[in-house]
Every structure is written in C-alpha cells, then in structure tokens.
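Everything in the sequence shown is counted per the working numbering, starting at 1 for the first residue and increasing by one. Positions of the beta carbon are idealized from the N, C-alpha and C atoms, including for glycine. Here the structure is laid out as structure tokens; the discussion comes afterwards.
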Amino acid sequence: MKQLKQDFFSQGAYAAAQHLIGKWICRRIDEEIYKFQITETECYIGSCDTACHAHKGKTPRTSVMWEKGGVCYVYLCYGIHYMLNFITGDKGEAEGVLIRGVKGASGPGRATKAMQIDKTLYGKSLLTKDKIWVEDDEKEYSFSSSKRIGIGYASEEDQNRLWRFVMDE
C-alpha cells in the first residue's frame, strides 16, 4: 500500500470524502501500527455550509480547519466522543471530511474509540508516519451517498445535501 500525499489532501472535501472510502487509516500506538479501513465519510465545505464548524468563522477550536489539507481536526462531541476529521483543500478554505466509520466500528464515536483517537491528534499531519496517516491499497470500492447525520441545526438546503458516503457491502 502507498501513503496518501499532499496532492490527495489538496482536493476539495466533496471529492476527498468519496475517494477516502476504502482507504486505510494507519495508527501508531506504542510502536505498534494498526490499520483501519474507512467505510463511511461526510464532507463539510467551509463558511457557505451551515453544517460546517467553519460556518461561523475561525475560533480557537476550529483554527486548524483553515490550514492546508493534510492535517487532523479532532474535537469532543457531547463531552463524550472524539470526532476525527481530515482537513482538505488549500490553506484558508476550511474544508474537511468527517470519518464516520471504519470496518468493524460504525459511527464516528465508535470509530475513534477503536482507533484510540483523542485531542492529542489535533493538528497532526497526515503526511508523516508519526502517529496517524492514510494508505491506499489501490482497489476500487463502490459506495452510496445520502444525507449527512446529526445536523438538524443546519439550513434545510444543507441538511438535504447528499454529502455522506457509505461503502457498499
């Protein structure tokens, strides 16, 4: 398998969310490397997307979203679950892909728990092989799209976008 490079993360979130289906998140934990296949993603596209954390502007929590694609945006949801996002696009665009599921762990909270994701990965590069990176087995995986989940606060238009991608069984 080959590690994804900067050019992959430089694409927009909509394309990246689809292209991440079937890719492998690699996690180095205590000198061991664990691999998790991505089965579900959602994209969030900057200040124009009312479901995106960047919609209300840059804050200390969201500042990493404005970085050049290829870094992690990790935040705590409901005070319980960490959420893992990969920032995509050019510096200043504030786009990202939420990792909603990996093989054997559906749902973003279960996925991060399985991968031992926490706030220490906030802002970490996906372009090194330090703590977290993504590899491609160069196989094609089919997927379906649907509405994003848990964004009742967003505009009706944004709630209805088919920006959730799930690997077909």
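> Can you list the beta strand (DSSP E) stretches of 3 or more residues lying completely in the segment 127-159, in chain order?
Replying inline: 132-136, 143-146
>> Using only the alpha-carbon positions, how far apart do Lys31 and Trp133 sit?
In response: Rather than Lys, the amino acid found at residue 31 in this sequence is Glu. Near 14 Å, if we compare the C-alpha coordinates of Trp133 and Glu31.
> Given a threshold of 16 other Cβ atoms within 10 Å of its Cβ, counted over all protein chains shown, does Pro60 qualify as buried or as exposed?
Replying inline: exposed
>> With H, G and I counted as helix, E and B as strand and the rest as coil, what does DSSP make of Gln11?
In response: coil
> Helix, strand or coil for Lys35 per DSSP?
Replying inline: strand
> What residue ranges within the segment 87-126 form continuous beta strand (DSSP E) runs of no fewer than 3 residues, ordered along the chain?
Replying inline: 95-102
>> Let me make sure I understand the geometry here. Which of Gly89, Ala51, Lys129 has the alpha-carbon closest to that of Lys147?
In response: Ala51
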